[in-house]
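>
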Amino acid sequence: MEHMRQRIVAGNWKMNKTLDEAMELAIDLQERQDDFPPEVTVILAPPSLYLLGLEMIEEPCFLMAAQNCSHHQYGAFTGEISAAMLQAMRIKYCIIGHSERREYFHETDELIAKKIDACLLDNIAPIFCCGEKKEERVAKKHFVTVMHQLEKSLFHLRPEQMVKMIIAYEPVWAIGTGLTASTDEAQEMHAFIRKTLAGHFGETIAEKIPILYGGSVSPTNSAALFACPDVDGGLVGGASLKARDFISIIKSAGIQ
Ligand code: 13P
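Numbering (the numbering used here), first residue to last: 10 to 265.
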């Protein structure tokens, strides 16, 4: 049977919204939660500064993710936040290896592997981002690029760690550009990711891992993307900043 895996829609707010705006958006979502399909897990990844404020909402209709954390456990690392700190705030997830962190903060596959380890040590489920740049797709190197990202950041994990992972395939050329991968391109890459994981960790584990699509997901394209057999939901940037759009995307992730 298709879609036995967890269905997830996560909103990555990136560096957007004041505290008031953040609370307003979260409350708008709360008020419309009856519209959410019960099988869809909704995750919000606000700027870390707001995690505590959102945590105070009673019976939230969403779980929370940080957008990044340190690979160190504690110590003299000015400006950093550890996985242990997130865990102490009952945060369940952390986005790791987003292409913006790779590009602007020079995060390597090796560093990303360490951040994944730090998260798992403190019981935070990493949402691991992978995806090729435009020139890699043009050169038909997209599969090899993503395969290397998976190998270098995930293949050292033990099976019981791997089952805690969520993967987000985010082709860099589709992020914030309005250019979405076609359903064929998304399905093909998601199936490739699952096959690669199956080759290393076995079919049973690979079948369990949610693989989300990210990159210009919108209310107009989400239903078709989420209907692909290996697309288990989305990691949404821009459209997660508007309650109406995000709610419509959440609704489209329900099992049809
Ligand atoms: P957009 O939805 O704005 O393209 O961003 C995608 C993204 O980077 C989510 O992490």
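All C-beta atoms in this analysis are idealised placements derived from N, C-alpha and C, irrespective of residue type, glycine included.
Would you say the beta carbon of Leu244 comes nearer than 8 angstroms to a heavy atom of the ligand 13P?
yes
> Distance check for His107 and Gln76, CA to CA, integer angstroms please.
So the two alpha carbons sit approximately 8 angstroms from each other.
> So for Phe137, helix, strand or coil by DSSP?
strand
> When you compare only the Cα positions, how much space is there between Arg203 and Leu159?
Looking at the two C-alpha atoms, the distance is approximately 10 angstroms.
> For Tyr222, which option in His209, Ile258, Leu206 has the closest C-alpha, if you only look at C-alpha atoms?
Ile258
> Quick check: the Cα distance between Phe255 and Lys124, rounded to an integer number of angstroms?
For Phe255 and Lys124, the gap between their C-alpha atoms comes out near 28 angstroms.
> Going by CA-CA distance only, name the one from Cys70, Gln15, Asp239 that's closest to Asp37.
Cys70
> What does the alpha-carbon distance come out to for the pair Lys217 and Thr154?
23 angstroms
> Taking the CB atoms as reference points, tell me whether Ile136 and Ile175 lie closer together than 9 angstroms.
yes
> Kindly indicate the opening and closing residues of the beta strand (DSSP E) around Ala74.
72 to 75 is the span of the beta strand (DSSP E), which, as asked, contains Ala74.
> Which residues in the same chain have their Cβ closer than 7 angstroms to the Cβ of Ser162, if we skip the five residues on either side of it in sequence?
Excluding residues within five positions, the ones whose Cβ falls inside 7 angstroms are Gly106, Asp118, Ile121, Ala122, Ile125, Phe137.
> Following a CB-centred definition, is Gln191 positioned closer than 8 angstroms to any heavy atom of the ligand 13P?
Here residue 191 is Ser; the residue named in the question, Gln, does not match the sequence. For Ser191, the shortest separation between its Cβ and any heavy atom of the ligand 13P does not lie below 8 angstroms.
> What did DSSP end up calling Glu11 once you bin it into helix, strand or coil?
Below a pLDDT of 50, predicted positions are generally treated as unreliable, and Glu11, at 49, falls in that range; no measurement from the model is reported.
> What separation, rounded to the nearest whole angstrom, lies between the Cα atoms of Pro219 and Phe235?
About 12 angstroms.
> Could you tell me if the beta carbon of Cys139 falls within a distance shorter than 8 angstroms of some heavy atom in the ligand 13P?
no
> Take Val181 and list the residues in its own chain whose beta-carbon comes closer than 6 angstroms to its own, dropping the five residues that flank it on each side.
Ser108, Gly140, Lys142
> Would you grab the beta carbon distance between Leu129 and Lys173 for me? Rounded to a whole angstrom, and I think it's under 8 angstroms.
6 angstroms
> Can you grab the Cα-Cα spacing for the pair Glu30 / Thr186, in whole Å?
24 angstroms
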